[in-house]
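Beneath this line is the structure, given in structure tokens, with notes to follow.
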Amino acid sequence: MLGRYLDDSYAPEVRRNITTVALSRLGANAVYRFSAPFLPTIASGLDVSLSRLGAAIAISEAVGLTAPLVGRRIDRRHHPTTMALGLVGVTAGALVAAAGPNIVWFVVGLVLLAVAKIVFDVALGAWTASHVPYERRGRVVGLVETSWALGMLVGVSTMGLVTALTSWRWGYVAGAVMTTAAVAAVVVRLGSEPRSVPAAYTPDALDEPHGPGGIGRRGMWMVAAMFALTAAAQSLFFTFGAWLEDEFGFGAVALTAVTFGLGGLELVASTTSAARVDRWGKERSVVIGAGLMVPMGLALAAFGTSFVPGVLALGVFIALFEFSIVSSISIGSELVPGAP
């Protein structure tokens, strides 16, 4: 399906399997993103305060700091196998979170889910870098990253509907079903691939002397910029559900509807990045998107008590983040050429 957007100059393995990896990532993204808009519902189900649950979420998010350690090990592994193992971990984390009788077990599930998601994402990034040269990687990354938006648009919305009909625990079970199917798809479609090596590298603006395995000063600035960009977006991802519930009395069905709309905006942003970033320039695209997030954040703060302007500002902010982060992924995959 997605392979039709890649011409014959791309590797056959990429054109043949890009839909499989994108759909697999859709399932993983849906499970990972499910808790954010439904925090008030989950807090009520666990009989804890929203602030306490927020602290628990922060613990699971801190697991992202282990990504460099994970990346070093994945570079030496068979990427499709590692992707499948990551999806197994995401499934296990979702089931632990669903079955957990209290907040402690819920956090255990989220931590397991977060670690496994990192394993899957890093392996997928390495697989992409191994098959697609840097100067052409933006289109492939953009197509795969539609799974982030579709994870919200389709995955989280589906889990939200299950939540509205039953409970948030069954919402997680629905997500686990998605990732179980993804494991099977990755094993069947990609499991027989030989171990790959990084695709040919074309020097780019990021080139500079650095030690073996290092990312250099420019790379450190890139990491810092992505940390700030992600932190800004996460502050909204994990609070907009509570804002809509407290300010406008939203329930699970209404939150699902808003989530669906936000997913649609993210999809527009990620497809725009896929189509344009290689021509516009990866760094320039990141700067433009991040710069426009600032006035949207200020608009949300100013109009937060009014539904229409507030939700519009929220939607545009999240869409701009999606455009920026998708545009940045190709840069990150080449911070250390030869070690995606």
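45 is the number of the first residue of the sequence shown in the numbering used here; add one for each residue after it.
We put the beta carbon where it would ideally sit given N, CA and C, even for glycine.
Original post:
Alpha carbon to alpha carbon, how far is Ala269 from Leu336?
Top reply: The sequence position of residue 269 within the sequence shown is 225, counting from 1. The sequence position of residue 336 within the sequence shown is 292, counting from 1. Distance between the alpha carbons of Ala269 and Leu336: 15 Å.
Original post:
According to the neighbour-count rule (16 or more other Cβ atoms, all chains shown, within 10 Å of its Cβ), is Pro124 buried or exposed?
Top reply: Translated into the one-based positions of the sequence shown, residue 124 becomes position 80. Under this definition Pro124 is a buried residue.
Subject >> Whole runs of the alpha helix (DSSP H) within the region 59 to 147, excluding any shorter than 4 residues >> reply: 83 to 90, 94 to 106, 111 to 118, 123 to 143
**OP:** Report back the beta-carbon spacing between Leu197 and Phe304 to the nearest angstrom; my notes put them in contact at under 8 Å.
**Re:** Walking along the sequence shown from the start, residue 197 turns up at place 153. Walking along the sequence shown from the start, residue 304 turns up at place 260. So it is a contact: roughly 6 Å between Cβ atoms.
**OP:** Output the distance between the C-alpha atoms of Ala143 and Arg213, rounded to the nearest integer angstrom.
**Re:** Translated into the one-based positions of the sequence shown, residue 143 becomes position 99. Translated into the one-based positions of the sequence shown, residue 213 becomes position 169. In this structure, the CA atom of Ala143 is about 7 Å from the CA atom of Arg213.
Subject >> Own chain, CB closer than 7 Å to Leu299, minus 5 neighbours either side, in chain order >> reply: In the sequence shown, counting from the first residue as 1, residue 299 sits at position 255. So the list reads Pro81, Phe82, Gly204, Gly285, Leu288, once near-sequence residues are dropped.
**OP:** Report the three-state DSSP secondary structure of Glu289 (helix, strand or coil).
**Re:** Sequence index remark: in the sequence shown, residue 289 carries index 245 (1-based). Glu289 falls in the helix class under three-state DSSP.
Original post:
So, is Leu154 buried or exposed, given that buried needs 16 or more other C-beta atoms within 10 angstroms?
Top reply: As a position in the sequence shown, residue 154 is number 110, starting the count at 1. Result: buried.
Original post:
Thr349 by DSSP, collapsed to three states: which one?
Top reply: Counted from its first residue, the sequence shown places residue 349 at position 305. In this structure, Thr349 counts as coil in the three-state DSSP scheme.
Subject >> Minimum C-alpha distance to Ser236 - residue among Met222, Thr126, Arg77, Ser104 >> reply: In the sequence shown, residue 236 corresponds to position 192, counting from 1. Per the Cα distances, Thr126.
Original post:
DSSP three-state call for Val267: helix, strand or coil?
Top reply: Stepping through the sequence shown from its first residue, residue 267 is reached at position 223. In the structure shown, Val267 sits in a helix (DSSP, three-state: H, G or I).
Original post:
Do Val75 and Leu156 have their CB atoms nearer than 9 Å?
Top reply: As a position in the sequence shown, residue 75 is number 31, starting the count at 1. As a position in the sequence shown, residue 156 is number 112, starting the count at 1. Cβ atoms of Val75 and Leu156: not closer than 9 Å.
Original post:
Should Pro84 go down as buried or exposed, given a rule of 16 or more other Cβ atoms within 10 Å for buried?
Top reply: Working through the sequence shown from its first residue, we reach residue 84 at position 40. Flag for Pro84 reads buried.
**OP:** Within its chain, find whatever has a CB closer than 8 Å to the CB of Ala138; leave out the 5 residues flanking it on each side and keep chain order.
**Re:** Here residue 138 corresponds to residue number 94 of the sequence shown, with the count starting at 1. Closer than 8 Å at the Cβ level, and outside the excluded window around Ala138, lie Val75, Gly153, Leu157, Tyr216, Val217, Gly219, Ala220, Thr223.
Original post:
In its own chain, which residues sit with a C-beta less than 6 Å from the C-beta of Met317, not counting the 5 before and 5 after it?
Top reply: One-based indexing of the sequence shown puts residue 317 at position 273. As written in the sequence, residue 317 is Ser, which differs from the Met given in the question. Result list for Ser317: Gly186, Phe367, Val370, Ser371, in chain order.
Subject >> Beta-carbon spacing of Val206, Thr64 below 9 Å >> reply: The sequence position of residue 206 within the sequence shown is 162, counting from 1. The sequence position of residue 64 within the sequence shown is 20, counting from 1. Not in contact: Val206 and Thr64 (Cβ atoms no closer than 9 Å).
**OP:** Grab me the residues of Arg59's own chain with a C-beta within less than 7 Å of its C-beta, minus the 5 sequence neighbours each way, in chain order.
**Re:** The residue you call residue 59 lines up with position 15 of the sequence shown. Hits under 7 Å: Gly47, Leu50.
Subject >> Straight-line Cα distance separating Ile86 from Leu209 >> reply: Taking the sequence shown and counting its residues from 1, one reaches residue 209 at position 165. Taking the sequence shown and counting its residues from 1, one reaches residue 86 at position 42. Looking at the two C-alpha atoms, the distance is approximately 14 Å.
**OP:** Report the option in Ser314, Leu131, Val200 whose CA atom is closest to the CA atom of Ala167.
**Re:** Taking the sequence shown and counting its residues from 1, one reaches residue 167 at position 123. Comparing Cα positions, the closest option is Leu131.
Original post:
In terms of residues, what are the limits of the alpha helix (DSSP H) holding Asp51?
Top reply: Numbered from its first residue, the sequence shown carries residue 51 at position 7. No alpha helix (DSSP H) contains Asp51, which DSSP labels as neither H nor E.
Subject >> Beta-carbon gap between Leu306 and Gly359 smaller than 9 Å >> reply: The residue given as residue 306 occupies position 262 in the sequence shown. The residue given as residue 359 occupies position 315 in the sequence shown. Yes, the Cβ-Cβ distance between Leu306 and Gly359 is below 9 Å.
Subject >> Val321 to Ser329 span [Cα, whole Å] >> reply: The residue given as residue 321 occupies position 277 in the sequence shown. The residue given as residue 329 occupies position 285 in the sequence shown. Between Val321 and Ser329, the C-alpha separation is close to 6 Å.
Original post:
Hey, out of Gly263, Val176, Ala313, whose CA is closest to Leu194's CA?
Top reply: On the sequence shown, residue 194 is found 150 positions in, with the first residue counted as 1. The shortest C-alpha separation from Leu194 is found at Ala313.
**OP:** Return the CA-CA distance between Ala141 and Ser53, expressed in angstroms with no decimal places.
**Re:** Along the sequence shown, one-based indexing puts residue 141 at 97. Along the sequence shown, one-based indexing puts residue 53 at 9. Looking at the two C-alpha atoms, the distance is approximately 43 Å.
Original post:
According to DSSP, is Glu237 helix, strand or coil?
Top reply: By 1-based counting over the sequence shown, the position of residue 237 is 193. The answer is coil: DSSP assigns Glu237 none of H, G, I, E or B.
Original post:
Rounded to whole angstroms, how far is the Cβ of Ala277 from the Cβ of Ile362, which I believe are closer than 8 Å?
Top reply: Along the sequence shown, one-based indexing puts residue 277 at 233. Along the sequence shown, one-based indexing puts residue 362 at 318. Their Cβ separation, rounded to whole angstroms, is 7 Å, which keeps Ala277 and Ile362 in contact under 8 Å.
Subject >> Proximity below 9 Å, CB of Gly295 to CB of Ser211 >> reply: Here residue 295 corresponds to residue number 251 of the sequence shown, with the count starting at 1. Here residue 211 corresponds to residue number 167 of the sequence shown, with the count starting at 1. No.
Original post:
What number of angstroms, rounded off, separates the C-alpha of Ala343 from the C-alpha of Leu234?
Top reply: For this step, residue 343 is matched to residue 299 along the sequence shown. For this step, residue 234 is matched to residue 190 along the sequence shown. Rounded to the nearest angstrom, the two C-alpha atoms are 45 Å apart.
**OP:** Put Val200 into one of helix, strand or coil per three-state DSSP.
**Re:** Counting from one through the sequence shown, the residue named residue 200 turns up at place 156. Of the three classes helix, strand and coil, the one that applies to Val200 here is helix, per DSSP.
Subject >> Terminal residues of the alpha helix (DSSP H) in which Arg180 lies >> reply: Stepping through the sequence shown from its first residue, residue 180 is reached at position 136. Membership of Arg180 in any alpha helix (DSSP H) is not indicated, and neither H nor E is assigned to it by DSSP.
Original post:
Quick one: what does DSSP say Gly325 is sitting in, helix, strand or coil?
Top reply: In the sequence shown, the residue the question calls residue 325 occupies position 281. Here Gly325 sits in coil by DSSP.
Original post:
Given Ala357, which residues of its chain have a CB within under 7 Å of its CB, disregarding the five upstream and five downstream residues?
Top reply: Counting from one through the sequence shown, the residue named residue 357 turns up at place 313. The answer, listed in chain order, is Met340, Ala343, Leu344, Phe347.
Original post:
By how many angstroms is the C-alpha of Asp290 removed from the C-alpha of Gly182?
Top reply: As a working note, residue 182 is residue 138 in the sequence shown. As a working note, residue 290 is residue 246 in the sequence shown. Answer to the nearest angstrom: the Cα atoms are 40 Å apart.
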